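Trainee: Numbering (the numbering used here), first residue to last: 1 to 259.
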């Protein structure tokens, strides 16, 4: 596999989040001495630097087709990364504590694409089992679950049941008549009592018919309105005399009987 050094160096030092990072002791390939290096795990690539602030990594380990296991070594908290094949190299690393060693072994074991592929297969299997359980619980139907569609609300259902109103409502004496409109399509034997139909959909109450004024009433009302001012004066004088008489009687009752 060909690796671009510049691309790897940029990926190792960029701001992308790392899966794990810290100091580990790495045993040399030719010399068995351990050297302290700064390791950064990103995806399935384990980069190691001479120092934490180094600009470029010293090397990279591609974690594919390998096993991470504990090993016996002069250094404490040691573990090894073993690759398949007779000529493959085994990387021996050592952590500074038990907790650090467990953290690195766990993260390195989960870094390969083979492990991710197994996780995805297991999740797909669980998802299929859940779908089968849901399909069996819904009345035992064996049909494939189709796309989910929301159920219409009560308001939408009532709107579907209501008859369409005409653009111009019929009027009687200048007022719209609702009962004529809503009852136009009603069958002859149905009754509209209580303002509700058979499906309990509310109907507005009918408006009372406007009272027609006869010609005689209109003439008398016009004559009363068009009366002369002398009629009002006579009425005013008559009521004023009545009020004065009642006031005089009340004053006499307040004074009591004369001796």
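Ideal placement from N, C-alpha and C gives every residue a C-beta, glycine not left out.
This structure is a prediction, so every number in the text was calculated from the model and none was measured.
Count the other CB atoms within 10 Å of the CB of residue 66; is the residue buried (16 or more) or exposed (fewer)?
Mentor: Residue 66 comes out buried.
Trainee: With DSSP collapsed to three states, give me the class of residue 39.
Mentor: Residue state, collapsed to three classes: strand.
Trainee: Any idea what DSSP makes of residue 8, helix, strand or coil?
Mentor: Looking at residue 8 - three-state DSSP - the assignment turns out to be helix.
Trainee: Residues bridged to residue 80 by DSSP?
Mentor: 69 and 92.
Trainee: For residue 239, count neighbouring Cβ atoms within 10 angstroms of its own Cβ and tell me buried if that reaches 16, exposed if not.
Mentor: Answer is exposed; the Cβ neighbour count stays below 16.
Trainee: Going by beta carbon distance, what residues of the same chain come within less than 6 Å of residue 21, once the five residues before and after it are set aside?
Mentor: Within the same chain, residue 21 has close Cβ partners 40.
Trainee: Where residue 113 and residue 136 are concerned, what is the direct C-alpha to C-alpha distance, given to the nearest angstrom?
Mentor: Answer to the nearest angstrom: the Cα atoms are 35 Å apart.
Trainee: For the candidate residues 31, 45, 93 and 88, whose alpha-carbon lies nearest to that of residue 7?
Mentor: Ranking the options by Cα distance to residue 7, first place goes to 45.
Trainee: In the structure shown, what three-state DSSP assignment does residue 52 receive?
Mentor: Residue 52: coil per DSSP, three-state reduction.
Trainee: Would you report the Cα separation of residue 17 and residue 123, rounded to the nearest angstrom?
Mentor: Taking the straight line joining both Cα atoms gives about 25 Å.
Trainee: Which residue from 63, 55 and 129 puts its Cα closest to that of residue 10?
Mentor: Per the Cα distances, 55.
Trainee: Count the other C-beta atoms from every protein chain shown that fall within 10 angstroms of the C-beta of residue 101, then say buried if there are 16 or more, exposed otherwise.
Mentor: Result: buried.
Trainee: Sort 33, 91, 98 and 231 by Cα distance to residue 74 and report the nearest one.
Mentor: Closest option to residue 74, Cα to Cα, is 33.
Trainee: Taking residue 28 as the reference, give the member of 64, 80, 13 and 4 with the closest Cα.
Mentor: Of the listed residues, the one whose Cα sits closest to residue 28 is 80.
Trainee: Among 62, 242, 96 and 247, which one has its Cα closest to the Cα of residue 25?
Mentor: Closest option to residue 25, Cα to Cα, is 96.
Trainee: I need the straight-line Cα distance from residue 106 to residue 133, nearest angstrom please.
Mentor: So the alpha carbons of these two residues sit roughly 33 Å apart.
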